[in-house]
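Student:
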Amino acid sequence: MVLFFITMLIATLVEMRRLKTAQKYELVDKPNATVPMSVWWLVLQYVLCGLFEVFTVVVGIQDLFCNQVPKECRSCTLP
């Protein structure tokens, strides 16, 4: 949960930056306007979100399947 908190904190900081840029160019009340900001500002939060999801969700699901599924239903056996 701490990892997701860090990701949301980064997303919040990027959104604050986007809003400041929109205010600077007076684009806040124009829904069809494009804010002149690089898409690279989003890369860090999406990479972290994907990385943290792999560590939490995928590992948890694999552990669940290995512990809860009967041995007869598994496609490969664990040593």
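Just so we're aligned: the sequence shown equals residues -16 to -1, 1 to 63 in mature numbering (1 follows the signal peptide of the UniProt record, and there is no 0).
For each residue, glycine too, the CB sits at the ideal point set by N, CA and C.
Predicted model only: the values in this text are computed from it and were never measured.
#1: Start and end of the alpha helix (DSSP H) containing residue 144?
#2: Taking contact to mean 3 or more Cβ pairs, one atom from each stretch, closer than 8 Å, check whether the stretch 37 to 48 and the stretch 2 to 17 are in contact.
#3: Reducing DSSP to helix, strand and coil, say where GLU10 ends up.
#4: Does the distance from the C-beta atom of TRP24 to that of VAL(-3) stay below 8 Å?
#5: Please report the straight-line C-alpha distance between GLU56 and GLY44, rounded to a whole angstrom.
#6: Would MET(-1) pass as an interface residue toward chain C - the criterion being a Cβ-Cβ separation below 8 Å?
#7: Would you check if the distance between the CB atom of ILE(-7) and the CB atom of LEU28 is smaller than 8 Å?
#8: Would you tell me roughly how many angstroms separate the C-alpha atoms of ARG1 and VAL42, rounded to the nearest one?
Tutor: To lay it out plainly:
#1: The requested residue 144 is not part of the displayed model; the chain covers only -16 to 63.
#2: With a cut-off of 8 Å, the stretch 2 to 17 and the stretch 37 to 48 do not count as touching, because too few Cβ pairs lie within range.
#3: It is coil, neither helix nor strand.
#4: Not closer than 8 Å, so no.
#5: Computed Cα separation, rounded: 21 Å.
#6: Protein chain content of the structure displayed is limited to a single chain, and chain C is not contained in it.
#7: Yes, the pair counts as a contact, with Cβ atoms nearer than the cut-off.
#8: Rounded to whole angstroms, ARG1 to VAL42 spans 32 Å at the Cα level.
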